[in-house]
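Colleague:
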Amino acid sequence: MTDISTKPWWKDAVCYQIYPASFKDSNGDGLGDIPGILSKIDYLKDLGLTEGKVDMGYDISDYEKVYPPYGSVKDMENLIGACHERGMKLILDLVINHTSDQHAWFKESRSSKRNPKRDWYIWKPPRYAEDGTRLPPTNWRSYFSGQTWEYDEHTGEYYLHLFAKEQPDLNWENEETRQAIYDSAMRFWLDKGVDGFRVDTVNMYSKGVEFKDAPIVDGRFYEQPAWLYYANGPRMHEFLREMNQKVLNHYDAVTVGELPHTPDPKKVLDYVGASDKQLSMVFQFDIVDLGQGREHKYHFEEWTLPQLKRIVAKWQQFIEGTDGWTTVFCENHDQGRSISRYASDAAHERVPSAKLLSLMLCALTGTLFIYQGQEIGMINVPPSWPIDAYRDIESVNFYKTMAAQSRDDPAELAYVMRSLQILGRDNARLPMQWDGSEYAGFTDCPGGAWMRVHDLYGEINVERQVREGEASVLGFWKRMIKFRKQHADVLVHGAFEGFGMEDESTFVFGKRVAEKRVAVVLNFTREEQEVELPDYEGLVFTVGSYEDAAKQEEGADGRIRKLRPWEGRLYLSGC
Ligand code: GLC
Ligand code: CA
Numbered sequence: 112m113t114d115i116s117t118k119p120w121w122k123d124a125v126c127y128q129i130y131p132a133s134f135k136d137s138n139g140d141g142l143g144d145i146p147g148i149l150s151k152i153d154y155l156k157d158l159g160l161t162e163g164k165v166d167m168g169y170d171i172s173d174y175e176k177v178y179p180p181y182g183s184v185k186d187m188e189n190l191i192g193a194c195h196e197r198g199m200k201l202i203l204d205l206v207i208n209h210t211s212d213q214h215a216w217f218k219e220s221r222s223s224k225r226n227p228k229r230d231w232y233i234w235k236p237p238r239y240a241e242d243g244t245r246l247p248p249t250n251w252r253s254y255f256s257g258q259t260w261e262y263d264e265h266t267g268e269y270y271l272h273l274f275a276k277e278q279p280d281l282n283w284e285n286e287e288t289r290q291a292i293y294d295s296a297m298r299f300w301l302d303k304g305v306d307g308f309r310v311d312t313v314n315m316y317s318k319g320v321e322f323k324d325a326p327i328v329d330g331r332f333y334e335q336p337a338w339l340y341y342a343n344g345p346r347m348h349e350f351l352r353e354m355n356q357k358v359l360n361h362y363d364a365v366t367v368g369e370l371p372h373t374p375d376p377k378k379v380l381d382y383v384g385a386s387d388k389q390l391s392m393v394f395q396f397d398i399v400d401l402g403q404g405r406e407h408k409y410h411f412e413e414w415t416l417p418q419l420k421r422i423v424a425k426w427q428q429f430i431e432g433t434d435g436w437t438t439v440f441c442e443n444h445d446q447g448r449s450i451s452r453y454a455s456d457a458a459h460e461r462v463p464s465a466k467l468l469s470l471m472l473c474a475l476t477g478t479l480f481i482y483q484g485q486e487i488g489m490i491n492v493p494p495s496w497p498i499d500a501y502r503d504i505e506s507v508n509f510y511k512t513m514a515a516q517s518r519d520d521p522a523e524l525a526y527v528m529r530s531l532q533i534l535g536r537d538n539a540r541l542p543m544q545w546d547g548s549e550y551a552g553f554t555d556c557p558g559g560a561w562m563r564v565h566d567l568y569g570e571i572n573v574e575r576q577v578r579e580g581e582a583s584v585l586g587f588w589k590r591m592i593k594f595r596k597q598h599a600d601v602l603v604h605g606a607f608e609g610f611g612m613e614d615e616s617t618f619v620f621g622k623r624v625a626e627k628r629v630a631v632v633l634n635f636t637r638e639e640q641e642v643e644l645p646d647y648e649g650l651v652f653t654v655g656s657y658e659d660a661a662k663q664e665e666g667a668d669g670r671i672r673k674l675r676p677w678e679g680r681l682y683l684s685g686c
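According to this note's numbering, numbering within the sequence shown proceeds without interruption in unit steps and concludes at 686.
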């Protein structure tokens, strides 16, 4: 018997995130769009997905319209309908921490101190240094470099923008603002049939009562990271409860919140406990923060496999014995590609690496999210690409800031480029590689795509992998998604346990539910490694990332196995 109260549809869902700009261009202008997504909908269905997600751009000037180059509201209605016809759901990105500075609300707010919408955004008077120099209200650093405050000559005050200056932060303390957000950004789309939201920067709405200077962690700059003050503010949970009561509950909509800066499992549980309805689940950031620097995310630092394993174990186990839920993901539009980050994208290693990671992810508990291109093993920007090939505001601004600060010091800039090549957001935003034709079949715009296509699109593309079938990365993902569904009780819902957590080369974990056991052994190196299977009775080899693993298993005796470079195997018992 299925208990629907503890097993809503979204727990077993396999979600696929689409970044519309880079998925498929339908009208030859070089930019992906909604009709482009619609034209590939059967590709998505065939992958075995239950759900798709659209990232609509983060500086929204009207919540009730679609950015025209992407299409129209009608196109969205068609897309929602087409998903539902195929038994798939659609969730949208909900960007309500800030709007665009072109939004009518902000234009009004900016127009005068007495405007009724003045308080819809966060305005503060300047501070002055002893010598009379005008200073911003705090020393906070924006995500996209520089200050979080923009001075507006017109009224002589600063407005807050945690992201770009074109993205002013909404004032959630204002009741009327919240109601307008619920209506315009949420009900409008829920009424059109969307099944839920990925909630952008979900823990930054309550800014806290005090606006004070952040401690100095990078003495080279005036601006300092300040998330400690503006993330997880005092009214966060109250706002989310209200959002459920007023809006989400009436639609039974799912939410997955983007939850950076929250390493404490207790704090995460406060957001995802089912009884205190706030968010269905969240993207906790530990796994994607791996390798990011302390002073700045783009100061790459080396990390070790035990660190990765501890992160996986922590976010697998934190829900045990609770009514919370977790997610499984390691890519999105803000991160480097997982093969390049966690395994190897070298010529003969990228295919086994892709399968290794697919096997790992498909065996983990939680709702699985795959990011476009991950299913064909897309990899990071080639190391030879210069900064001019990058488009992302965060990366480009960081490069400019460091170039100015270091006076173009070649060693500093080489380090910045290396960090961006591993961690930069553009790595995930290259056009989707559909086939081996010009511009990877993404666009037929004579000038090419909005962003350069990866040099290796001839080798890594959908058309080729469909032709290669089962042996390809795409074929392996399809097989694993199917397998995950067949054994959802233990793979999606089972309890996790790690073994040999200090081993620097291999990752061995188990999953259990009732009498069922799963053992997964993964080799995260380019050398052969020995692993020991967990001491579960009656394990039977079931899936391997190398095609001939079954043959190798025939002669195997006892619990020791030899894994080839980047090889993964999965064993079952009690089925
Ligand atoms: C989130 C998004 C990111 C965007 C930012 C500002 O972090 O994932 O892409 O730039 O919010 O909206
Ligand atoms: Ca287009």
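Glycine is no exception: its CB is placed at the ideal position from the N, C-alpha and C atoms.
In this text, all values refer to a predicted model and were calculated from it rather than measured experimentally.
Kindly indicate which residue of Glu613, Leu416, Ser451 has the alpha-carbon position closest to the one of Glu442.
Modeller: The residue with the shortest Cα to Cα distance from Glu442 is Ser451.
Colleague: So, are the CB atoms of Arg221 and His272 less than 9 Å apart?
Modeller: In this structure, His272 does not lie closer than 9 Å to Arg221 by Cβ.
Colleague: To the nearest angstrom, how far is it from the Cα of Gly609 to the Cα of Val619?
Modeller: Whole-angstrom Cα-Cα distance: 6 Å.
Colleague: Skipping 5 residues on each side, what residues in its chain have a beta carbon closer than 8 Å to that of Leu380?
Modeller: Closer than 8 Å at Cβ, skipping near neighbours: Phe429, Ile430, Thr433, Gly435.
Colleague: Considering only the alpha carbon of each residue, which of Trp231, Gly267, Ser256, Ser223 lies closest to Tyr239?
Modeller: Nearest C-alpha to Tyr239: Gly267.
Colleague: Closer than 6 Å is what we want: which residues have a beta carbon that near any heavy atom of ligand 1? List them in chain order.
Modeller: Answer in sequence order: Tyr169, Val206, Phe274, Asp311, Thr312, Glu369, His444, Asp445.
Colleague: For the structure I just gave you, are there three or more beta carbon pairs, one from the stretch 315 to 328 and one from the stretch 343 to 352, closer than 8 Å?
Modeller: Segments in contact, yes.
Colleague: Output yes or no for whether 9 Å exceeds the beta carbon distance between Trp216 and Trp231.
Modeller: Yes, the Cβ-Cβ distance between Trp216 and Trp231 is below 9 Å.
Colleague: Could you tell me the boundaries of the alpha helix (DSSP H) in which Cys194 lies?
Modeller: From DSSP, the alpha helix (DSSP H) with Cys194 extends over 184 to 196.
Colleague: Any chance the stretch 374 to 393 sits against the stretch 407 to 424, with 3 or more Cβ pairs inside 8 Å?
Modeller: Touching, no.
Colleague: Between the Cα of Leu301 and those of Phe594, Thr366, Asp659, Asp157, spot the shortest distance and give me the residue it belongs to.
Modeller: Checked all of Phe594, Thr366, Asp659, Asp157; the closest Cα to Leu301 is Thr366.
Colleague: State the Cα-Cα distance for the pair Leu681 and Lys176, rounded to the nearest angstrom.
Modeller: Those two C-alpha atoms are separated by around 47 Å.
Colleague: How many angstroms separate the CA atom of Arg245 from the CA atom of Pro237?
Modeller: C-alpha separation (whole angstroms): 6 Å.
Colleague: According to DSSP, simplified to helix, strand and coil, what is Ile152?
Modeller: Helix at Ile152.
Colleague: Given a cut-off of 9 Å, decide if Glu162 and Val125 are closer than it, judged by their beta-carbon atoms.
Modeller: Cβ atoms of Val125 and Glu162: closer than 9 Å.
Colleague: Check each candidate in Met297, Ile145, Lys408 and name the one with the smallest Cα separation from Ser183.
Modeller: Ranking the options by Cα distance to Ser183, first place goes to Ile145.
Colleague: Buried or exposed for Asp166, going by 16 or more other Cβ atoms inside 10 Å?
Modeller: At Asp166 the pLDDT is 46, less than 50, meaning the model places this residue with poor confidence; the figure from the coordinates comes in the next sentence. So Asp166 counts as buried.
Colleague: Looking at the unbroken beta strand (DSSP E) that takes in Ala215, where does it start and where does it end?
Modeller: Ala215 -> not in any beta strand (DSSP E); alpha helix (DSSP H) instead, spanning 215 to 222.
Colleague: Under the three-state reduction of DSSP, which class applies to Ser464: helix, strand or coil?
Modeller: DSSP places Ser464 in helix when its eight states are reduced to three.
Colleague: Quick check: the Cα distance between Val631 and Tyr647, rounded to an integer number of angstroms?
Modeller: Rounded to whole angstroms, Val631 to Tyr647 spans 12 Å at the Cα level.
Colleague: Between Asn314 and Thr259, is the Cβ-Cβ spacing less than 9 Å?
Modeller: Going by C-beta atoms, Asn314 is not nearer than 9 Å to Thr259.
Colleague: I'd like to confirm the pairing. Which residues does DSSP put opposite Ser684 in its beta bridges?
Modeller: According to DSSP, Ser684 bridges with Arg628.
Colleague: Does DSSP classify His209 as helix, strand or coil?
Modeller: If DSSP states are grouped into helix, strand and coil, His209 belongs with the strands.
Colleague: Near Ser691, which residues of its chain fall below 7 Å by C-beta distance, leaving aside the five closest residues on each side in sequence?
Modeller: Residue 691 cannot be examined here, being either before or after the span of the chain that is shown, 112 to 686.
Colleague: How would you write the range of the beta strand (DSSP E) that Met297 sits in, first residue to last?
Modeller: Counting along the chain, Met297 falls outside any beta strand (DSSP E), and DSSP gives it neither H nor E.
Colleague: Residues near ligand 4, CB to any non-hydrogen atom under 5 Å, in chain order?
Modeller: In the structure on display, ligand 4 does not appear, and the ligands it does have are ligand 1 and ligand 2.
Colleague: Could you tell me which residues DSSP puts in a beta bridge with Gly307?
Modeller: Note: Gly307 sits in a beta bridge opposite Ile202, Val365.
Colleague: According to DSSP, simplified to helix, strand and coil, what is Trp121?
Modeller: Helix, per DSSP.
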